[in-house]
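To start, the structure itself, in structure tokens.
Number of protein chains: 2
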Amino acid sequence: MAAASKREQIIDQALKLFYQHGFNATGVDKIISEARVSKKTLYNHFRSKNELILAVLRKRDELFRNNMMRETERMAVQPRERLLALFDVMGNWFHEETFSGCMFINASAEFSDLKDPCHILCAEHKRLICDYIEELAKQAGAQDPLELAKQLNLLIEGAIVNAHVEGDLEAGQRAKRMGEFLVDLALK
Amino acid sequence: MAAASKREQIIDQALKLFYQHGFNATGVDKIISEARVSKKTLYNHFRSKNELILAVLRKRDELFRNNMMRETERMAVQPRERLLALFDVMGNWFHEETFSGCMFINASAEFSDLKDPCHILCAEHKRLICDYIEELAKQAGAQDPLELAKQLNLLIEGAIVNAHVEGDLEAGQRAKRMGEFLVDLALK
DNA sequence: TCTATGGTAAACCTAACGGTATACCTTTAA
DNA sequence: TTAAAGGTATACCGTTAGGTTTACCATAGA
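Written out as structure tokens, the structure reads:
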């Protein structure tokens, strides 16, 4: 099998395990066993477990944001409606069986030092999501697109935590109702 | 030294370490060394590391909510103002040097199974906080105190994540502005 | 005064951790 | 055809994990 494919195989399995059980709780032995590769192969592709974690987070960021944007733009056409569709996309995610919170919030909990490369990647991910919301807010003609984006982003993060910690699957709808007020306010 | 005191000593040090570095990343050897007790003593008081974690979470819940209520009620007298003072209390917390996010959100990330005793305790903590906000909302004469409480709770959780993951210390103020809007709406 | 009780240090247990080394096998391209 | 590249399994490394055991010491209540 091609090297690139092995690499993806490792990342994909590591992503599943890290997401479901956490980073420190998941050993490399478990990863190679699930990915059906040898330890040598893993260490050929990644210098250390930490490098693998970074690769996993980068892939997750890519997958998550692509999916978020694709779904949002599929569900609504007008910018204002797209801002609100964001909450529906989140709500659907909460209802998935494998939902286990936001991987980047989870990672920040385990790598809490703000200067830790993993934590930096998490902050970057959140910033990119905020950028996307700001772009939608601009298209919708918001008075202060950045402020609206930060507000909606805060609502989304609150909803994710609500859904994960308290198991409140309706958090997406609640956040959407709150978001509607803010969007109306920002667009009027 | 009295037994009860040793127990508290262990819990206090474990709390610091778990909060700063996470649960799985903190070994019992580190805890006993920092708490200056022998391993035997730790295992006399706690059946396992997991039991210690539960004890730590219970203590953190008690300390955190007591402080939250005390500070909120010290900062404002009128129920409406107390609802908003909650965000100031959070904002001040974010600015503390030792701030490392919400310990219960962090714990939920490492013990992601909803049926895990640790996760259950985290959900309970969040519910108790919501109960307190609901009580304030009732006193303020909100039309739907539970709904308002859930909304403000979501804002608080969003602000905590914002502050921790992105290092945005102004998240408390942003959440307060959003909260003001919702409180006005719920009281009119 | 005696004896639990609960403390101590330190050795020890097994299992798992992240990571390396060895030896061999398969694919692929010059 | 051959040799490099990258795969495999497996054994191994030192360290650390959670947890137990041993032997001894200090205090306090009957």
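So the protein sequences, as listed, match chains B and G. Residue 11 in the working numbering sits at position 11 of the first sequence, and the numbers go up by one each step. Throughout, the working numbering is defined as the position within the second sequence, counted from one, plus 188. Glycine included, each C-beta is placed from N, C-alpha and C at the ideal position. Predicted model, so just to flag it, every value in this text is computed and none were measured.
inquiry  = Cβ closer than 7 Å: which chain G residues qualify as neighbours of B/S100?
reply    = Reading the first sequence from its first residue, position 100 is the one you call residue 100 of chain B. By Cβ distance, chain G contributes S300.
message = What does the alpha-carbon distance come out to for the pair G/V277 and G/A363?
response = Residue numbering aside, residue 277 of chain G sits at position 89 when the second sequence is read from its first letter. Residue numbering aside, residue 363 of chain G sits at position 175 when the second sequence is read from its first letter. One alpha carbon belongs to G/V277, the other to G/A363, and they sit about 12 Å apart.
message = So, for G/S296: in the same chain, excluding its five sequence neighbours on each side, which residues have a beta-carbon less than 7 Å away from its beta-carbon?
response = Looking up residue 296 of chain G in the second sequence gives position 108. Correct list, in chain order: H307 and C310.
ask   = For the alpha helix (DSSP H) that B/R80 lies in, which residues bound it at each end?
value = Working through the first sequence from its first residue, we reach residue 80 of chain B at position 80. Taken as a continuous stretch (DSSP letters only), the alpha helix (DSSP H) holding B/R80 covers P79 to F94.
query = Rounded to a whole number of angstroms, what is the C-alpha to C-alpha distance between B/F104 and B/T26?
reply = By one-based count along the first sequence, residue 104 of chain B stands at place 104. By one-based count along the first sequence, residue 26 of chain B stands at place 26. Rounded to the nearest angstrom, the gap between the Cα atoms of B/F104 and B/T26 is 16 Å.
query = Alpha carbon to alpha carbon, how far is G/A264 from G/R258?
reply = Sequence index remark: in the second sequence, residue 264 of chain G carries index 76 (1-based). Sequence index remark: in the second sequence, residue 258 of chain G carries index 70 (1-based). Rounded to the nearest whole angstrom, the CA to CA distance from G/A264 to G/R258 is 10 Å.
ask   = Expressed to the nearest angstrom, what Euclidean distance is found between the alpha-carbon atoms of G/E323 and G/P333?
value = Here residue 323 of chain G corresponds to residue number 135 of the second sequence, with the count starting at 1. Here residue 333 of chain G corresponds to residue number 145 of the second sequence, with the count starting at 1. Within the model, the alpha-carbon separation for G/E323 versus G/P333 is close to 8 Å.
key: Nearest-angstrom Cα separation, counted from B/G22 out to G/Q197   = Along the second sequence, one-based indexing puts residue 197 of chain G at 9. Along the first sequence, one-based indexing puts residue 22 of chain B at 22. Straight across, the Cα-Cα distance linking G/Q197 with B/G22 is about 28 Å.
query = In or out: G/R248 buried (at least 16 other Cβ within 10 Å) or exposed?
reply = Counted from its first residue, the second sequence places residue 248 of chain G at position 60. Burial call: buried.
With 16 other Cβ atoms within 10 Å as the buried cut-off, status of B/K40 = Counted from its first residue, the first sequence places residue 40 of chain B at position 40. Burial call: exposed.
request  = Please list the residues of the stretch 324–336 of chain G that have a C-beta atom closer than 7 Å to any C-beta atom in chain B, keeping them in chain order.
outcome  = Those would be none; no residue qualifies.
task = Give the single residue among G/V349, G/R315 and G/I344 whose Cα lies nearest to the Cα of G/G289.
result = Position 101 of the second sequence, counted from the first residue, corresponds to residue 289 of chain G. Residue G/V349 is the option with its Cα nearest to G/G289.
inquiry  = Please classify G/H283 as buried or exposed, where buried requires at least 16 neighbouring CB atoms within 10 angstroms.
reply    = The residue you call residue 283 of chain G lines up with position 95 of the second sequence. It is exposed - the Cβ of G/H283 has fewer than 16 other Cβ atoms within 10 Å.
ask   = With G/V244 and G/L203 assumed to form a contact (beta carbons below 8 Å), what rounded beta-carbon distance in angstroms separates them?
value = What you label residue 244 of chain G is simply residue 56 of the second sequence in a count that begins at 1. What you label residue 203 of chain G is simply residue 15 of the second sequence in a count that begins at 1. Right, their Cβ atoms sit about 5 Å apart.
query = Run through DSSP, which three-state label would B/R174 get?
reply = Working through the first sequence from its first residue, we reach residue 174 of chain B at position 174. Per DSSP, reduced to three states, the secondary structure at B/R174 is helical.
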